[in-house]
Amino acid sequence: LGLALYACGLCAVSGATFLYHDYCVIGAGPAGLQAAYFLQRAGRDYIVFERSHAPGSFFALYPRHRKLISINKQYTGKSNSEFNLRHDWNSLLTHDRRLLFRRYSRDFFPNADTMVRYLEDFASLLKLRVQYNTAIIHVTLEKNEQAWNGHYFLLTDQDRKNYKCSSLLVAAGTWVPNVVNFPGSEYVEGYETVSINPEDFTGQTVLILGRGNSAFETAENILGVTNFIHMVSRSRVRLSWATHYVGDLRAINNGLLDTYQLKSLDGLLEGDLEDLAIVKDKKGKLHITLRFYLENRNTSAGIDSITLPQDELDNFATRAPYDRVIRCLGWKFDFSIYNRSLRMMPGKGNIKKYPQIKPSYESRGTRGLFVLGTASHSVDFRKSAGGFIHGFRYTTRAVHRLLENRHHGVPWPSTVHPITQLTNSIIKRVNEASGLYQMFSVLADIILLRENATAFEYLEEYPIGVLAELEMQTGRKARNGLFVIIMEYGRNFSGADKDVFYYNRAVGEAQHAWQSNFLHPVIYYYKHLPTEREMRLRPPDWPLPRPNAIHHIVEDFLTDWTAPNAHILPLRRFLENCLGTDLRNFFAESCFLFAFTHQKLPPSCQQGYVRMQGLLGSQELRQHAVQAGLLQDYTHTDFSGDRPPESHHGSQEHLMRDHGIPLRPLQHLVNAKDE
Amino acid sequence: MPAQKDRWVSSLVFLLFCASSIPQCGSASLQQEQSPQHYFSGLEAGKTSLAFFSPSVSPGAQPFLEHIESSAEALQDYGVSVVKVNCPKEDVSRYCGKENALRKAFLFRGNRLIREFPTDALFDVNSIVANVLFALLFNEVKYVETLADLQNIENVLKGKSNMVFAYVPATGTAEHRAVMEAAFVYGTIHQFVLTTEAALLKATSHDDPDVSSAWLLFCHCQQVTEPAQACRRTALAQPLTLLNIHRHLKLMGAPLVTEVAEDPEKISTVHLQLGLPLVFILSQKETYEADRRTAEFVAWQLLGKAGVALLSRDLVELNVLQRSNVALKTPDEGMPIQYLVLEDTDEVITLVEDKNKVKQIQEDEQEEEEEDEDEKENNNQDIQDDQVVEAVSRDKKRELPLEQILVLTEENFHSSLSEAARTVVLFYASWEAVSLAVLRSYSEVAAHLQGTPGVLLSRVNCWDWPGLCSQENVTQFPTLRIYQEVQQPVTYGGMWGTEELSSFILLSQVSCPLKLATMDEAEGYLRGEFPSELSSHHHTSLLGVFSSATSKAREAFEEAGNILSGHVRMGMYFEDDALALSQKYSVSPPALLLARSGGRSVEGIALSEHSVQDMVQMIRYELLDIFPEITVPNLPQYLQLGKPFLILFSAGDISQVESKEMLKLAKGRPQQTFVVCWLNLKKTPVGYGILRTYFSTTPPLPLLLWVNLHAGGQVFKFPSEQSITEMNILSWLEKLQAGLEIPSSTLSEEDWKPPLPAYDFLQMMEPSVPELSPRRGDTPAQHPPKSPGGDTAGGDSGSREEPSQEGTAEEVGAPGRGLRGTAPRLAARDKPGKRHSEL
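What follows is the structure in structure tokens.
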């Protein structure tokens, strides 16, 4: 490979000169830089192409009103850096503590300029290899059997410079504005260019097309100075606190809902934009009409000859003329630069703005092409956070790990622990892991059991969509069963029309944990790795197929799942029953007794005490265990009662006392497992 | 118990037989008569018969006929014959001619018609027998309709005879039959009164009675002397069956208090025969009158539940406590009589009633065993059974004295380490029970080592600083490390106890192995006096002596020292006079000198070519005692040898003689195939637990045992009559090896299964998530072909199947299984449990 690299460092194919890199990344936005960071840390040969002169060019323009809606939580009361990432939606993943977003802004909803500054610092402090002012305008394939994926990617920039790579990571985001064409759409202003100065809207009546955060953000900005604002969109408004999807309308932008619902000042309308038509009258006012009315008319005949809906229906909702119409319809992926041979196809239905990719983030059309960042959101659109920095920073890392295994023989990082640490490993992760928390139901921790279940291997944040391919994708073996740990919301809890504040919405008891509604850890147990077929046939809305056993850790108000009885104990019982073993901890004294009375020892004694790492425990603790009836104190027992009765002939008192001796607790402890 | 039942059942049959004075011979089945004339001519004067007349074919009466036929046998016991009279076609007499007479049965005594029954009153055997006997016993069984009638009868009976009052919901029922049959037997002894009036039932029973079930009272009217006095009543607590009524009447007929003057073991009363306990009131001459009253009082309370006997202690020699005043004899064979000291009569009554209750519960339990077990399991699932977790939870409110322990964070970790020469760091997680248990010991270590120069104790909470812990490669909690200026940090791998931790920290103060510069130092080292830091530390010292030429052995020794650092006290001497030093102990370099117990005995061992691992292994082995006292902390070291244990259990220190003999035995064979050791029960009281498991009691001590800990798990007990001498033990061992001894016990072979089941969420989810249930077509995919060698996670997969939820899919299909757990699930829905909505 080294030789090939050397040879291709600058190679000429059919006359053109190609600059070669193993990895090419298109776009130096958050996802591109995140990918670059991991490639750099792994010592890979890579380059990032950025069309602008600085990273994060999207953020240099958008959001137009400059307020990011990703939260920047400075205080959580915890010093756990991993946990704190759960409430830091802007930082990228890095080992460098200087690059935490909270060091850049004190605002809960920071300014977009700060994001640009942060990304600049991220690229420069980490010395990421970014080639600025390079707009890739064409991507094509070159077949080559030697190549990693059977082909090289050939990239051409605006200066006709050519680049060649073995693997292409597309982190170009979605930046092409969605435009709807209808008669009169030439009168419509785009979100990209519309004035953000409220004074320009003083005393005007405004119609906004679209119902996303950009539409509401635009409305919010001019709410105070306009006569009124109307919003038209095909779908009804989806509030993110009701759907648990951060891409839906955030509470910070919903000032217009207030005025609409309270005083009918502003308003929302549902309708298909395709049916719309706008005509401008002589005074420059814009009238809404329907495409239907225009079809038989000669448009040149002028406004007076055009039928307006109110001519027939005199209470038509949008009969008042508007001063301005603003289009805020979001963005889509730029499909134009990819040669047909790459088969970069748009998704179907509501994910048509994204390219088609597999759950492994690899393009469906081209092997070796991975889509990162916002453009990869088709995997979890309207479900999880994969379209946002706080989500795709983890999926980017997952893609990097897949690539490391595929091309460099570096298996998915894992740690091996004795089985006694099983409960602890899970509890630690569900309490602090941010990737599981942000990318709920998309990324999962995987526990691969070793033979005889004496040890296990822990893999973090693997994309569950490709669970069936786990062995191939990670280079780890899953022959002895596995646990999959993910976070889930209650299945029927959230949704656009659900009341998420209903009384008794939270479950408090561990035995009803499966009915938990808020985000909570769920552990699936499989005796065998699910097959692709099983993955395909999984129940609708289920991230995974039917497991052999499932465990829900009951939702917690503080998302702190460390309560010994409500959280850890039921989890331990679940794990014990899946493994068929006893995972309790024992003091050395109990292990000592077991060693003399049992041919086999429980794992805690086997892996601790017998290896001379027993837990002797302080006097107080042993006393507590005795009081709890879980440890027998033999020091003060009166043994006379145990002597055979014939040696105490006629002693009636002993008979009576025998009645009073309770069941020996330790006996119970030992025998409990027989049940 | 069954034997007794048989006994009284047969006595009943006998009674019935006597009562049915009319001899009945031949078949007990239906008699046939050719014609009415034939029938009436054959009727004898005192003989009762139930006749029905039937044309040759009468299809409508067919089922009735069947009942009649089957009741013939039952009625025969009461001297009633059942006759079917055929009506010839032309017959137009009274019984054959009329259409409606054909739908009736007629009861005759002699040729006198007593009663005619419409066939719809005789719907089954019970109703036939009940109605026929009711008609026959018209005088013996009074039917009452009002309370006044009942009281009138009661008043008449006072002082004369007892009354049996029965309520049946309707006539012709099984209960009615039982009452009538009993009346047939006892009707001449007691006055029977019958009613079907619910109002009467309500008037005679205490609490809200169930009008649909029958009820029987025995009214003790015979003893009543005053007309104003009411008759005492004893209700039958069991369902109304002939056997129960008979039993009840028998008990009522028995003397209230039996006076006994013989060995209570030999006594048998009707109560014991009927399976009821017998209470003895132990009496003395002085208190006889009072005791008699007590006995009568108790007897009334226990009437129908237990018998009461008055036992005069003056007449019977009793080998029981003088204070005992009550004895209880149960009907169960072989159960010894219990002698008790009770305070008042209530205790006697509860004693009997609770016994019954206990029995009742036990029976119920057996019936609903499965359900009960489920219940129990569910109740226990959420009870903590992890002794460490529970102990730590119970201790969580106590504030730990952690002032002496420096808190390290991501910020100050590296700076703190660089400031001190040596820093002890405990990595733990504040939510994890084992680490918290160790933290408690660690705080004791801190108190213990307070003021020791050069020791800095610190801790890192990995829940707060996960980055630091993963950077320091801490993969499990707790982890204890000693960070030193230049060297690699040393990770602790020993017992998590205060003493062991302290010892480790102290030993780690000096380098391992410690280079000794002079002969004096070396000698002082062997005596345990040098270095001064360790003078308080009384462990075996190990000194490697090398001539400068033997550098390879020295390197291995030094490497071994790094590995054993903190666990073993190791010194090293390689000055010019090394030879002289080693020769003092009759070895030549390279050699190991082992100074046990403060240098009183120094042992020399020659060192040959050793790899580091071998060296470590050898040092560990050499440090083991020949005849150790087994303790909780040191057992694992001896377990690792993988040999059987010859262990002497002693209640305290062992005697010099035994010690000497055992030591002889241990030393006798240098290549011992077993571990000779002893256990001081005073120091290691858990040893009592071991003995109890082996023998269920504590046998006399000292006790010598052979325990095959690793193979087979048999436990052999050295004969207690033999004295513990080397010779005796050896010959015993020989017999043992030859298989001539029988093991006293065997170590449990059981696997460590999950102590309790988990919540089966999969099963709970299924009803509400129908798509979760595996579709039929998918079942093969659910169980893909086993990959080679794959299916063995969690030990043997067979054992795993049982408790795991594997079976649930199939179980849902099975009808019985599917219903189980429905009730709790519904309950769960009704009562959603503790929920928090606001704060």
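Residue numbers (the UniProt record's numbering), protein chains in the order written: chain A, 1 to 675; chain B, 1 to 839.
For each residue, glycine too, the CB sits at the ideal point set by N, CA and C.
Check the DSSP bridge columns for residue i and list the partner residues they point to.
{"i": "glycine 435 (chain A)", "result": "Paired residue(s): none; glycine 435 (chain A) is not in a bridge."}
{"i": "alanine 277 (chain A)", "result": "A:Thr289"}
{"i": "glycine 190 (chain A)", "result": "A:Arg327"}
{"i": "lysine 329 (chain B)", "result": "B:Leu278"}
{"i": "residue 848 (chain B)", "result": "The requested residue 848 (chain B) does not occur in the structure, where chain B is confined to residues 1 to 839."}
{"i": "tyrosine 46 (chain A)", "result": "A:Tyr23"}
{"i": "valine 371 (chain A)", "result": "A:Val170"}
{"i": "cysteine 219 (chain B)", "result": "B:Met163, B:Arg233"}
{"i": "asparagine 162 (chain A)", "result": "A:Phe18, A:Thr156"}
{"i": "aspartate 445 (chain A)", "result": "A:Ile485"}
{"i": "residue 680 (chain A)", "result": "Examination of residue 680 (chain A) is not possible in this model, given that chain A is present from 1 through 675 alone."}
{"i": "histidine 552 (chain A)", "result": "A:Val522"}
For residue i, which residues in the same chain have their Cβ closer than 8 Å to its Cβ, ignoring the five residues on either side in sequence?
{"i": "serine 312 (chain B)", "result": "Glu259, Val260, Ala261, Ser283, Gln284, Lys285, Tyr288"}
{"i": "lysine 160 (chain B)", "result": "Cys221, Gln222"}
{"i": "glycine 224 (chain A)", "result": "Pro198"}
{"i": "aspartate 642 (chain A)", "result": "Only weak support is given to the placement of aspartate 642 (chain A): the predicted model assigns it a pLDDT of 42, under 50, and the value that follows is read from those uncertain coordinates. Taken in chain order, the list of residues that qualify is empty."}
Which same chain residues, not among the five before or five after residue i, have their C-beta less than 7 Å away from its C-beta?
{"i": "residue 870 (chain B)", "result": "Shown here, chain B extends from 1 to 839; a query on residue 870 (chain B) therefore has no answer."}
{"i": "leucine 242 (chain B)", "result": "Ala178, Glu181, Ala182"}
{"i": "leucine 417 (chain B)", "result": "Thr423, Tyr483"}
{"i": "arginine 505 (chain A)", "result": "Asn517"}
{"i": "aspartate 252 (chain A)", "result": "Here the sequence assigns isoleucine to residue 252 (chain A), which means aspartate is not the residue at that position. Result list for isoleucine 252 (chain A): Ile69, Phe109, in chain order."}
{"i": "glutamate 576 (chain A)", "result": "Asp582, Leu583"}
Are residue i and residue j close, meaning C-beta to C-beta below 8 Å?
{"i": "serine 494 (chain A)", "j": "threonine 205 (chain A)", "result": "no"}
{"i": "valine 459 (chain A)", "j": "arginine 479 (chain A)", "result": "Per the sequence shown, the amino acid found at residue 459 (chain A) is leucine instead of valine. Cβ atoms of leucine 459 (chain A) and arginine 479 (chain A): not closer than 8 Å."}
{"i": "arginine 291 (chain A)", "j": "leucine 308 (chain A)", "result": "no"}
{"i": "arginine 569 (chain B)", "j": "histidine 624 (chain A)", "result": "no"}
{"i": "arginine 117 (chain A)", "j": "tyrosine 104 (chain A)", "result": "yes"}
{"i": "glutamine 158 (chain A)", "j": "alanine 135 (chain A)", "result": "yes"}
{"i": "phenylalanine 574 (chain B)", "j": "serine 611 (chain B)", "result": "no"}
{"i": "glycine 43 (chain A)", "j": "methionine 115 (chain A)", "result": "no"}
In chain order, what residues of the same chain have a beta carbon less than 6 Å from the beta carbon of residue i, not counting five sequence neighbours either side?
{"i": "leucine 579 (chain A)", "result": "Ala453"}
{"i": "alanine 130 (chain B)", "result": "Gly172, His176, Arg177, Met180"}
{"i": "arginine 233 (chain B)", "result": "Leu217, Cys219"}
{"i": "arginine 103 (chain B)", "result": "Thr119"}
I want to know whether the segment 706-719 of chain B touches the segment 729-747 of chain B - three or more CB-CB distances under 8 Å.
yes
With three or more beta-carbon pairs closer than 8 Å as the criterion, would you say the segment 127-140 of chain A touches the segment 62-82 of chain A?
no
Listed in chain order, which residues of the segment 580-592 of chain A have Cβ atoms closer than 9 Å to some Cβ of chain B?
Gly580, Thr581, Asp582, Leu583, Arg584, Asn585, Phe586, Phe587, Ala588, Glu589, Ser590, Cys591, Phe592
Is the segment 183-197 of chain A touching the segment 164-172 of chain A, taking contact as three or more C-beta pairs under 8 Å?
no
Which of the residues in the segment 502-514 of chain A, read from start to end, lie with their CB under 9 Å from any CB of chain B?
Tyr502, Tyr503, Asn504, Arg505, Ala506, Val507, Gly508, Glu509, Ala510, Gln511, His512, Ala513, Trp514
Going along the segment 427-444 of chain B in order, which residues come within less than 8 Å of chain A, judged by CB to CB distance?
Ala429, Trp431, Glu432, Ala433, Val434, Ala437, Val438, Arg440, Ser441, Glu444
With contact counted as at least three CB pairs below 8 Å, one residue from each stretch, are the segment 555-569 of chain A and the segment 592-602 of chain A in contact?
no
Given 8 Å, three or more beta-carbon pairs between the segment 581-597 of chain B and the segment 633-644 of chain B:
no
Quick one: any contact between the segment 154-168 of chain B and the segment 108-123 of chain B, if contact means 3 or more CB pairs under 8 Å?
no
Under 8 Å: do the segment 558-565 of chain B and the segment 508-522 of chain B share three or more Cβ pairs, one atom per stretch?
yes
Is the number of C-beta pairs between the segment 415-426 of chain A and the segment 375-386 of chain A that are closer than 8 Å three or more?
no
Quick one: which residues of the segment 603-614 of chain A get their C-beta closer than 8 Å to a C-beta of chain B? List them in chain order.
Pro603, Tyr609, Val610, Arg611, Met612, Gln613, Gly614
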